[in-house]
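Presented below is the structure to which this report refers.
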Amino acid sequence: EKTYVATMPSKIGLDGYSPVSLTRDRKWNKGQEEFSWPYQGITYLLASKTELEIFKNDPGRYAPQLLGCDPVILNKQDRAIPGNTKYGAYYDQNLYLFVDIKSREEFKKNPDRFSRTMHVLKFQLDDGAVLR
Numbered sequence: 085e086k087t088y089v090a091t092m093p094s095k096i097g098l099d100g101y102s103p104v105s106l107t108r109d110r111k112w113n114k115g116q117e118e119f120s121w122p123y124q125g126i127t128y129l130l131a132s133k134t135e136l137e138i139f140k141n142d143p144g145r146y147a148p149q150l151l152g153c154d155p156v157i158l159n160k161q162d163r164a165i166p167g168n169t170k171y172g173a174y175y176d177q178n179l180y181l182f183v184d185i186k187s188r189e190e191f192k193k194n195p196d197r198f199s200r201t202m203h204v205l206k207f208q209l210d211d212g213a214v215l216r
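If you want my numbering, it's the 1-based position in the sequence shown plus 84.
Written as structure tokens, this is what we have:
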């Protein structure tokens, strides 16, 4: 089985793509810094002022689940490994990111198992501080 090293997620969510465009239109539109908004320690870039307002009103609906960490690895290894925008999938109207196609395919076989598991995500910083 492949081993992954936990790293801090990027401070910019979804590689700078707008979570509102992605969720509403399934389009990968790049966001702009002038329309940015922090959510759960990650800054998301939106494509317009309208999208910014939509995101501010309900960020949990648009941001990736599990802080963008791969739910399969989290479930099986209890490790928070950031997923990749290349391997995203929607389930039950929520966006999940995966480290690779294999992980995404495993999720698709039993999405309830991986999407319903509750985890407390903590990231250990090099200086010993913990983000929650």
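Just so it is clear, CB atoms sit at the ideal spot from N, CA and C, and this is done for glycine as well.
Everything numeric in this text was worked out from a predicted model, so none of it was measured.
Asked	Found
Thr169 versus Leu129 - alpha carbon distance	14 Å
Cutoff 7 Å; reference Tyr101; Cβ partners in own chain excluding five residues on either side	Trp112, Asn113, Lys114, Gly115, Thr169
CB contact check: Leu136 to chain D, cutoff 7 Å	Absent from the structure is chain D; it holds one protein chain and no more.
Under the three-state DSSP convention, the category Gly167 falls into	coil
Element boundaries [beta strand (DSSP E), containing Ser120]	116-123
Thr127 - partner residues in DSSP beta bridges	Ile96, Pro122
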